[in-house]
């Protein structure tokens, strides 16, 4: 039995997944802060300046590589772990499990895949447009993110789907936040309540914060 | 009370199984679940005349001490390991938890690592293999040490004792959405890692036991905590966090080659 650092056990995989997840959790806060600039009513000046800074600053460019790495790592390990989990019970129960568990904790792969689908659409709408891989909407430049956002959020169908997906992201984050600490072994009677509270508060703030924006553009803009 | 039982019948590991329905009457609310199954088996024996179909043979189920200590009994009853109560084994479940006219569905533990031997009996040898991989303290021969020569804090002593109350019944695996054995492994790692005698081999032990757990086909922990909810000894999920801590620490710090393998040091 060799003790190689690259010999990935179930716990090692989960640790990498948790670390990548925590990195993504931090990223979401930065993303939300910039998006909330849309509500300032300054014609998108600060939002555009922030978007420009994020897409041109060399330090941010380096972080962008880590961000994509984090997403890919999180998604691939999540799928690998789930496939192993499904294989671990080839014959299921006749009676569905009635043990007391947090409802969404059992469906992380599904909420995760829904969030991934949303992420793909989001990339098509913004990131790939910036790179020139996808054509921007008529009359909008490929760096005019404010105009693209207004166009998208003025579409009520798009905004409604966006809101539903963000609620699902909220449930994903609510379990993920607490689970990441448990996976990293950070469980302590003194701090468990605080971690639980922060997890719930974070998921409500992030999901709620993102949801306010399409509501603003649909009804108050 | 009169009950309808839907019980999983399977002749052996390589044969197909199916649910069979049995009617059983005049069951006392004071008898245990296993005593109710005993009465069903007696009925099946008395009703048989000569060679009978497999489904008319007595139902096989594991049991031994019948007082919640040995960890042998383990049935998945109406969607819950050890049935509709908490902190108990199947033998401690009483029929007063059911109502007259109820239909009770009884299934074996379902996990790739627990192959079905017959009907409701599964082979839980996988848990023994995990113990063989490191769930022990190597003791060389010598004089008996004085009982109080090694100081142990009350807190650690209590936590180790709580972890050591695991009876290895496998309800954690049965209840887990992923058939993961993390609560079992975490209890066995914790009971030794918390004590000075177990600390010496702790880093090697945790790696060996996790490696063995992974190789036996158990799933990964996804922190749903069904294990903690159904554990008859109410082992805390904080042990899983300790296992993770121990494992991360061992992976990062341990320099030597892990030499332990199933079967001994």
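Protein chains in written order, with the working numbering: chain R, 1 to 221; chain D, 1001 to 1265.
The C-beta atom is built at its ideal place from N, Cα and C for all residues, glycine as well.
The model shown is predicted, which means the values in this text are computed figures rather than measured ones.
Alpha carbons only, please: which of the options is nearest the one belonging to residue i?
{"i": "residue 1097 of chain D", "options": "D:1032, D:1007, D:1199", "result": "D:1032"}
{"i": "residue 164 of chain R", "options": "R:188, R:212, R:192", "result": "R:212"}
{"i": "residue 168 of chain R", "options": "R:221, R:204, R:121", "result": "R:204"}
{"i": "residue 1172 of chain D", "options": "D:1066, D:1237, D:1150", "result": "D:1237"}
{"i": "residue 199 of chain R", "options": "R:218, R:172, R:189", "result": "R:172"}
{"i": "residue 125 of chain R", "options": "R:103, R:150, R:104", "result": "R:150"}
{"i": "residue 1083 of chain D", "options": "R:63, R:98, R:31", "result": "R:98"}
{"i": "residue 170 of chain R", "options": "R:187, R:209, R:154", "result": "R:209"}
{"i": "residue 1104 of chain D", "options": "D:1028, D:1087, D:1080", "result": "D:1080"}
{"i": "residue 1024 of chain D", "options": "D:1012, D:1004, D:1009", "result": "D:1004"}
{"i": "residue 1245 of chain D", "options": "R:217, R:182, R:156, R:130", "result": "R:182"}
{"i": "residue 1089 of chain D", "options": "D:1230, D:1243, D:1242", "result": "D:1230"}
{"i": "residue 1102 of chain D", "options": "D:1222, D:1243, D:1006", "result": "D:1006"}
{"i": "residue 1057 of chain D", "options": "D:1049, D:1064, D:1063", "result": "D:1049"}
{"i": "residue 214 of chain R", "options": "R:178, R:194, R:157", "result": "R:157"}
{"i": "residue 131 of chain R", "options": "R:56, R:23, R:152, R:12", "result": "R:56"}
{"i": "residue 1125 of chain D", "options": "D:1039, D:1107, D:1169", "result": "D:1169"}
{"i": "residue 1115 of chain D", "options": "D:1226, D:1223, D:1218", "result": "D:1218"}
{"i": "residue 1002 of chain D", "options": "D:1040, D:1019, D:1011", "result": "D:1040"}
{"i": "residue 1054 of chain D", "options": "D:1017, D:1075, D:1035", "result": "D:1017"}
{"i": "residue 10 of chain R", "options": "D:1227, D:1206, D:1008", "result": "D:1206"}
{"i": "residue 1216 of chain D", "options": "R:85, R:64, R:161", "result": "R:85"}
{"i": "residue 1128 of chain D", "options": "D:1143, D:1184, D:1152", "result": "D:1184"}
{"i": "residue 1029 of chain D", "options": "D:1045, D:1077, D:1095", "result": "D:1095"}
{"i": "residue 1138 of chain D", "options": "D:1157, D:1202, D:1167, D:1012", "result": "D:1202"}
{"i": "residue 1027 of chain D", "options": "D:1038, D:1187, D:1020, D:1021", "result": "D:1038"}
{"i": "residue 66 of chain R", "options": "R:22, R:50, R:152, R:51", "result": "R:22"}
{"i": "residue 48 of chain R", "options": "R:33, R:88, R:59, R:102", "result": "R:33"}
{"i": "residue 1011 of chain D", "options": "D:1159, D:1153, D:1120, D:1235", "result": "D:1120"}
{"i": "residue 50 of chain R", "options": "R:68, R:69, R:30", "result": "R:30"}
Using the three-state DSSP reduction, which class does residue i fall into: helix, strand or coil?
{"i": "residue 1242 of chain D", "result": "helix"}
{"i": "residue 1016 of chain D", "result": "coil"}
{"i": "residue 1076 of chain D", "result": "strand"}
{"i": "residue 110 of chain R", "result": "helix"}
{"i": "residue 1139 of chain D", "result": "coil"}
{"i": "residue 6 of chain R", "result": "Residue placement at residue 6 of chain R is flagged as unreliable, the pLDDT there being 47, under the threshold of 50; the coordinate-derived value follows with that caveat. If DSSP states are grouped into helix, strand and coil, residue 6 of chain R belongs with coil."}
{"i": "residue 1131 of chain D", "result": "helix"}
{"i": "residue 1032 of chain D", "result": "strand"}
{"i": "residue 31 of chain R", "result": "helix"}
{"i": "residue 12 of chain R", "result": "helix"}
{"i": "residue 1024 of chain D", "result": "strand"}
{"i": "residue 21 of chain R", "result": "helix"}
{"i": "residue 1226 of chain D", "result": "helix"}
{"i": "residue 1122 of chain D", "result": "strand"}
{"i": "residue 141 of chain R", "result": "coil"}
{"i": "residue 1250 of chain D", "result": "helix"}
{"i": "residue 1219 of chain D", "result": "strand"}
{"i": "residue 1002 of chain D", "result": "coil"}
{"i": "residue 125 of chain R", "result": "helix"}
{"i": "residue 1263 of chain D", "result": "Here residue 1263 of chain D scores only 46 on pLDDT, less than 50, and its place in the model should not be relied on; the value that follows carries that caveat. Residue state, collapsed to three classes: coil."}
{"i": "residue 1146 of chain D", "result": "coil"}
{"i": "residue 1170 of chain D", "result": "coil"}
{"i": "residue 1038 of chain D", "result": "helix"}
{"i": "residue 1043 of chain D", "result": "helix"}
Counting along the chain, where does the alpha helix (DSSP H) carrying residue i start and finish?
{"i": "residue 48 of chain R", "result": "45-56"}
{"i": "residue 1189 of chain D", "result": "1182-1193"}
{"i": "residue 1179 of chain D", "result": "Looking at the DSSP string, residue 1179 of chain D is not in any alpha helix (DSSP H), and its letter there is neither H nor E."}
{"i": "residue 1199 of chain D", "result": "1196-1199"}
{"i": "residue 130 of chain R", "result": "128-131"}
{"i": "residue 101 of chain R", "result": "Where residue 101 of chain R is concerned, there is no enclosing alpha helix (DSSP H), given that its DSSP letter is neither H nor E."}
{"i": "residue 153 of chain R", "result": "145-153"}
{"i": "residue 1154 of chain D", "result": "1154-1164"}
{"i": "residue 182 of chain R", "result": "156-183"}
Looking at the secondary structure, which residues open and close the beta strand (DSSP E) in which residue i lies?
{"i": "residue 91 of chain R", "result": "Taken as a continuous stretch (DSSP letters only), residue 91 of chain R belongs to no beta strand (DSSP E), as it is neither H nor E."}
{"i": "residue 1205 of chain D", "result": "Careful: residue 1205 of chain D lies outside any beta strand (DSSP E), inside the alpha helix (DSSP H) at 1202-1215."}
{"i": "residue 194 of chain R", "result": "No beta strand (DSSP E) holds residue 194 of chain R; the alpha helix (DSSP H) holding it covers 192-215."}
{"i": "residue 1118 of chain D", "result": "1116-1118"}
Pull up the DSSP beta-bridge partners for residue i, would you.
{"i": "residue 1008 of chain D", "result": "D:1019"}
{"i": "residue 1106 of chain D", "result": "D:1007, D:1077"}
{"i": "residue 1094 of chain D", "result": "D:1032"}
If we define contact as Cβ-Cβ less than 9 Å, is residue i a contact residue for chain B?
{"i": "residue 1097 of chain D", "result": "Protein chains R and D are contained in the structure displayed, whereas chain B is not."}
Is there contact between the region 1209-1217 of chain D and the region 1128-1137 of chain D, where contact requires at least three CB pairs shorter than 8 Å?
yes
Three or more C-beta pairs below 8 Å linking the region 42-51 of chain R and the region 136-147 of chain R
yes
Are the region 115-128 of chain R and the region 1243-1253 of chain D touching, with three or more C-beta to C-beta distances below 8 Å?
no
Quick check: the region 1069-1079 of chain D against the region 194-208 of chain R, are at least 3 beta-carbon pairs closer than 8 Å?
no
Using 8 Å as the threshold, is the region 28-40 of chain R in touch with the region 66-82 of chain R, meaning 3 or more CB pairs across them?
no
Should the region 11-22 of chain R be regarded as contacting the region 179-197 of chain R, the criterion being three or more beta carbon pairs within less than 8 Å?
yes
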